[in-house]
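Peer 1: The structure follows.
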Amino acid sequence: RKVTRDIHVSIVVNNAAFISFGLFPDIRIERLRANMTCNATSVVEITHYFARRMLTGGRTGKKRRGYIAFTCSAGQYLPSPTASLYASTKAFLTNFACAFAAENYARGIDVTIILPGPVATNFYAASTGLPTVEATKKMAVAPGAIASLFFQCAGRIVMFDSNSLMPVGFKWLNKLVDFPLLMEAMIRFAHWFPDIQKLSGESELTGNGAG
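What follows is the structure in structure tokens.
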């Protein structure tokens, strides 16, 4: 707040997020709390602070149109076992951003919500060789492709799925299969997923080295 106090900020991009790989009970609560704060809580606070300034003009008193962008994720379409907070925080963020956009569009704040698939950054650095994550990284697009979408959509389109394979596949899976039925199948067969098998074997609580 001190840094931006005397600056009129008309563009805010909520892009920060990270992913915590592991089985939920095995991850330290401090890391989970930090993950929630980064992916969700901080976005709410930042958006609230700058939206109020955009609507009132802040210290200058000059009201101007504003633009707030949200990097969500195609992961919000489905739960993410072995990274339980990621999809759940992104699902929250998508719903929050849509509600915020509906409330403030007529008041002069444009909103863009991008739902990208994998992006080629250090995002997956902590995956420690999980098979599904390694396969996902091969589908990653360059970061510039996502940045370009914000410029293309600003003031024109509120929500946009990137056209990579993952978001398209997740979206159609939700359309074709009843969600509760899909979840029943996922829960029943998740223990066969290679990532879960790997993490279960390494678990300090129940794995080969437990006790």
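The working numbering applies: residue 1 is where the sequence shown begins, and numbers increase by one.
Cβ coordinates follow ideal geometry from the N, Cα and C atoms, glycine included.
Inspect the CB distances between the segment 33-44 and the segment 130-139 and report whether three or more fall short of 8 Å.
Peer 2: no
Peer 1: Based on the DSSP output, what are the partners of Ile113 in its beta bridges?
Peer 2: Phe70, Met159
Peer 1: Is Met186 buried or exposed, if buried means 16 or more other CB atoms sit within 10 Å of its CB?
Peer 2: Counting of Cβ neighbours within 10 angstroms places Met186 among the exposed residues, the total staying below 16.
Peer 1: For the alpha helix (DSSP H) containing Asn95, name the first residue and the last one.
Peer 2: 84-104
Peer 1: With a cut-off of 8 Å, do at least 3 Cβ pairs link the segment 102-118 to the segment 152-172?
Peer 2: yes
Peer 1: Take the Cβ of Gln76 as the centre, count every other Cβ of all protein chains shown within 10 Å, and call the residue buried at 16 or more, exposed below.
Peer 2: Of the other Cβ atoms in all chains shown, 16 or more fall within 10 Å of the Cβ of Gln76; this residue is therefore buried.
Peer 1: At which residues does the alpha helix (DSSP H) containing Val43 begin and terminate?
Peer 2: From DSSP, the alpha helix (DSSP H) with Val43 extends over 42-56.
Peer 1: Skipping 5 residues on each side, what residues in its chain have a beta carbon closer than 7 Å to that of Leu199?
Peer 2: Gly22, Leu23, Thr82
Peer 1: Can you find the residues in the same chain that come closer than 6 Å, C-beta to C-beta, to Arg65, ignoring five residues on each side of it along the sequence?
Peer 2: Only Gly108 meet the Cβ criterion.
Peer 1: Excluding the 5 residues flanking Met123 on each side, which residues of the same chain have their C-beta closer than 6 Å to its C-beta?
Peer 2: One point to set straight first is that residue 123 is Phe, not Met, in the sequence displayed. Excluding positions up to five away in sequence, the list is empty.
Peer 1: List the endpoints of the continuous alpha helix (DSSP H) containing Ile187.
Peer 2: 179-189
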